[in-house]
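Take any residue in the sequence shown, count from 1 to its spot, add 3: that is its number in the working numbering.
Backbone N, C-alpha and C fix where the C-beta goes; we use that ideal spot for every residue, glycine too.
Worksheet: one structure, shown below.
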Amino acid sequence: MSDSIASELLQKWANTVKNGEPKQVVNLYHEDGILLGTFSPKERVGHELILEYFENLLQSPVEVQIVSEHPHVFELAAVNSGLYNFITGGKTIEARFSFVYSKNDTEWKIISHHSSVLPET
């Protein structure tokens with residue numbers, strides 16, 4: 004199975020964030036998915052709490068610039084980890100990420116997403 008699907012899923016997430024519609028972003032997540040977001044200390048499990056995170060984040064325009072990625076795809080799961088930048092309010096915030104995707108029938112959903120600010124060296 005090609006690792007490109009994990010890259011496509013990451014790009015779809017980045018484009019959806021840029022579109023600024025929190026509900027569209029949440030639809031990319033599994034109903035029981037977990038988000039450990041870059042800009043929140045809370046563990047967010049399920050659509051309701053993930054929506055709350057993105058409603059707050061997307062109050063201002065946000066662009067995600069993918070810097071590097073390391074995708075791996077299996078029959079019913081995919082993982083993609085790497086670095087990305089959040090560009091918002093004239094600032095660039097460097098961060099690292101890990102996405103885990105689960106495939107149900109023909110649809111891929113984010114089951115786990117961890118993102119954190121890149122530590123300074």
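| query | result |
| --- | --- |
| Rounded to the nearest angstrom, what separates residue 47 and residue 28 at their Cα positions? | 14 Å |
| Relative to the C-alpha of residue 105, which candidate in 77, 60, 20 has its C-alpha closest? | 77 |
| Which of the three DSSP states, helix, strand or coil, is assigned to residue 89? | strand |
| Report the rounded CA-to-CA distance for residue 72 versus residue 39, giving the unit in angstroms. | 18 Å |
| Bridge partners of residue 101, per DSSP? | 84, 117 |
| If you drop the 5 nearest sequence neighbours on each side, which residues of the same chain put their C-beta closer than 6 Å to that of residue 101? | 84, 117 |
| Pop quiz: residue 41 and residue 31 are said to be a contact at Cβ under 8 Å. What is the actual Cβ separation, rounded to whole angstroms? | Actually they are not in contact, since the Cβ atoms of residue 41 and residue 31 sit about 16 Å apart, beyond 8 Å. |
| Could you have a look at residue 78 and say whether DSSP puts it in helix, strand or coil? | coil |
| Within a Cβ cutoff of 6 Å, which residues of the same chain sit near residue 36, ignoring the five residues on either side of it in sequence? | 113, 114 |
| Rounded to whole angstroms, what is the Cα-Cα separation between residue 109 and residue 99? | 28 Å |
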